[in-house]
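All remarks here apply to the structure that follows.
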DNA sequence: CGTTCAAATTGCTGTGCCGCAATTCACAAA
DNA sequence: TTTGTGAATTGCGGCACAGCAATTTGAACG
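Take a look at the structure:
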C-alpha cells in the first residue's frame, strides 16, 4: 500500500494534481514510493521495462553517455517533475539522483492505463511534456554556438530564475544545485573552463562566490547574456 | 470550409488520425489549410497569439536566433509533424518553411478545446511530444561535446534513418533536406567545417556526393559515429 | 549551349577551448 | 585546532574549429 497522497509534498503541483482525491488515491495504488540516495540510479538507458516517476523531493539529472564515455546532462528534474517512459518499450536515457530524493514510481503499462482512464491526466502530462520540450530546446539554443562565457552566464541566469519563486524573476543569492563538473557536462564544456569563467565574472564584479556552491549576482547586467 | 480530410496526404499518420472520420471533419472546421513557399515564416517567436499546425507536405525548421543574430536550428519537422502552442500565450520559437509546404493550421484556443473534447487526441499528441522531446535530447547529446567529425557523421546517419521507411534502417542513398549552412546551424558548426568534414568522409571512402544535396553511404562503418 | 549567381569548396591564419599537471581551497572528521 | 580528502582553481601548451577570402561547382535561366 502506498503512502497516502494527502501527505505528498507535491500533491498540488505534480501532474496528478489534476485528479480529484478519490482518483488520485486509486492511481496511487498502481505506484509505489521509492527513496534514492545521492548518486543512485533510477533508470538506465536501454532498460527493457518501461517505467516512469514523479519526483517528490530532491533532484534528478537525465543523462546520456557518448561513445567516448563522457556524460552529457540533458535535463535537470525538480520536485513535481516527471521522468520516464510509458509508451516506449525501453528507457531512453539514464536518470540519476543528484541528491537524496523521494519518488512516486509507476510501471509504464500501469501509467499508460491511467492515462487512458483519466483524460485530465493525459492533458496535464501533455502540458508538462511541452514545457520539458521547450526547456530542452532552450538548452540546445544556449549550447549551440554560444561562447563558453555566454553558456556559463546563461546557465547562471537560468538557475537563478529556477531558484526564485517566480520564473521571470532572478534570485540575487542562490546555491548551484550541481557541481562544476556537472555544470560543465550540461554546457558541453570542461570543468576548467567553467571555473575560469566564474573567476572572470567575479573579477569583473558581476558575481561573488560564497564557498563552493554559493553564488551572488552583484551586477547581472555585466553578464554577457542577460 | 476546409479541404476534406479524406484527401489529406497524412490522414493516417498525423495526430488527428486517432479520431474517427466524423470527429476529424468536425475538428477540420476549426482549422484552415495554408500554403507556404520556401523561406516563408509560419510563426515568429514572441507572437502574442498562440497557434499550432500539422504539416501536410514539405518541411519546416524550428529555430531561435541568439543575441549575435546567429540562427540555431532546434528541430526539423517532417510531414505529419506538429508544431506550435496551444497552452502558452505566445510562440516560443520561429517556424520557417524549408521548402514549399502545406499545412493545416489551428488557433491555440481552438485546438486546446479540441484536446478537451477528444481524449484520444490529447494522448496522441502526448506521444508525439514525447518523441519530439527525445529527438531534441538526442540532438543535445550529439552537439554536446562531440567533435565536428562526429556531429556531421551523426547528422548524416540521423537524416539517412529519417529518409528510410523504417526508423532503424539506413537509406543508402538520400538527399539532404537542408543546405550546408542550415546543417551547420543545426550542429553548432560553420558552413566551412561541415563542408570540410563531408570532403574528408568522401576522401576516406565513407560516402559519395552526388550534386549539392545527394549523399550515398558507401561504407557507413567508416563514419566515426555509427 | 552559354550565362549567371548563389552555394559550396578549399586554403590560410588566428584563437578559444581542451587537456594535463600543480596548487589551493572548502568542508568534514578526528 | 589539526588533518585529510575531494573539489575547485590556476597556469601552460596544443589543437580543432572559426573566420576571412579566393575559387570552383552546379542548378536554373535565357
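Chains as they are written, first to last, in my numbering: chain A, 2 to 227; chain B, 2 to 227. Just so it is clear, CB atoms sit at the ideal spot from N, CA and C, and this is done for glycine as well.
Under 7 Å between the Cβ atoms of residue i and residue j?
i: residue 129 (chain B); j: residue 83 (chain B); result: yes
i: residue 187 (chain B); j: residue 150 (chain B); result: no
i: residue 100 (chain A); j: residue 39 (chain A); result: yes
i: residue 126 (chain A); j: residue 127 (chain B); result: yes
i: residue 226 (chain A); j: residue 155 (chain A); result: yes
i: residue 106 (chain A); j: residue 162 (chain A); result: no
i: residue 60 (chain A); j: residue 178 (chain A); result: yes
i: residue 144 (chain B); j: residue 189 (chain B); result: yes
i: residue 6 (chain A); j: residue 35 (chain A); result: no
i: residue 1 (chain B); j: residue 224 (chain B); result: Here chain B comprises residues numbered 2 to 227, so residue 1 (chain B) is not present and cannot be evaluated.
i: residue 37 (chain B); j: residue 102 (chain B); result: yes
i: residue 133 (chain A); j: residue 134 (chain B); result: yes
With distance defined between alpha-carbon atoms, name the residue in the options nearest to residue i.
i: residue 171 (chain B); options: B:81, B:158, B:6; result: B:158
i: residue 75 (chain B); options: B:217, B:184, B:13; result: B:184
i: residue 96 (chain B); options: B:138, B:41, B:58, B:108; result: B:41
i: residue 109 (chain B); options: B:52, B:156, B:10; result: B:52
i: residue 175 (chain A); options: A:191, A:214, A:25, A:37; result: A:214
i: residue 196 (chain A); options: A:164, A:152, A:168, A:166; result: A:152
i: residue 55 (chain A); options: A:80, A:44, A:37; result: A:80
i: residue 211 (chain A); options: A:173, A:92, A:194, A:135; result: A:173
i: residue 44 (chain B); options: B:12, B:13, B:207, B:92; result: B:92
i: residue 21 (chain B); options: B:119, B:160, B:98, B:111; result: B:119
i: residue 147 (chain B); options: A:98, A:139, A:191, A:200; result: A:191
i: residue 203 (chain A); options: A:62, A:216, A:77; result: A:216
i: residue 139 (chain B); options: A:131, A:63, A:207; result: A:63
i: residue 164 (chain B); options: B:209, B:19, B:77, B:8; result: B:77
i: residue 180 (chain B); options: B:193, B:111, B:14; result: B:193
Using 8 Å for Cβ pairs, my map puts residue i next to residue j. What's the rounded Cβ distance?
i: residue 49 (chain A); j: residue 94 (chain A); result: That pair is no contact at about 15 Å.
i: residue 46 (chain A); j: residue 122 (chain A); result: That belief does not hold up - the Cβ atoms of residue 46 (chain A) and residue 122 (chain A) are roughly 26 Å apart, past 8 Å.
i: residue 10 (chain B); j: residue 57 (chain B); result: 6 Å
i: residue 113 (chain B); j: residue 67 (chain A); result: Not a contact, Cβ separation roughly 38 Å.
i: residue 116 (chain B); j: residue 124 (chain A); result: 6 Å
For a test of your reading of the model: does the CB of residue i fall under 6 Å from any non-hydrogen atom of the ligand HEM? Yes or no.
i: residue 97 (chain A); result: The ligand content of the structure shown is nil, which means the ligand HEM is not present either.
Answer yes if the stretch 59–78 of chain A comes into contact with the stretch 22–30 of chain A, meaning at least three C-beta pairs across the two stretches below 8 Å, and no otherwise.
Taking 8 Å as the limit for Cβ pairs, the verdict is that the stretch 59–78 of chain A does not touch the stretch 22–30 of chain A.
Closer than 9 Å, Cβ to Cβ, to anything on chain A: give me those residues from the stretch 85–102 of chain B, in chain order.
86, 87, 88, 89, 93, 94
Which residues, in order along the stretch 160–171 of chain B, keep a beta-carbon less than 9 Å from a beta-carbon of chain A?
none
Can you pull out the residues from the stretch 36–66 of chain B whose beta carbon lies closer than 8 Å to at least one beta carbon of chain A?
Flagged, chain order: 63, 65.
Listed from N- to C-terminal order along the chain, which residues in the stretch 186–198 of chain B have their beta-carbon within a distance smaller than 7 Å of any beta-carbon of chain A?
189
Going along the chain, which residues of the stretch 197–219 of chain A sit with their C-beta nearer than 7 Å to a C-beta in chain B?
none
Please identify, using Cβ separations under 7 Å, the residues of the stretch 112–142 of chain A that lie next to chain B, in order along the chain.
Residues of the stretch 112–142 of chain A with a Cβ closer than 7 Å to any Cβ of chain B, in chain order: 116, 120, 123, 124, 126, 127, 128, 130, 131, 133, 134, 135, 137, 138, 140, 141, 142.
Residues of the stretch 72–85 of chain A in Cβ contact with chain B at a cutoff of 8 Å, in chain order, please.
73, 75, 76
What residues from the stretch 8–36 of chain A come within 7 Å of chain B, judged by C-beta to C-beta, listed N to C?
none
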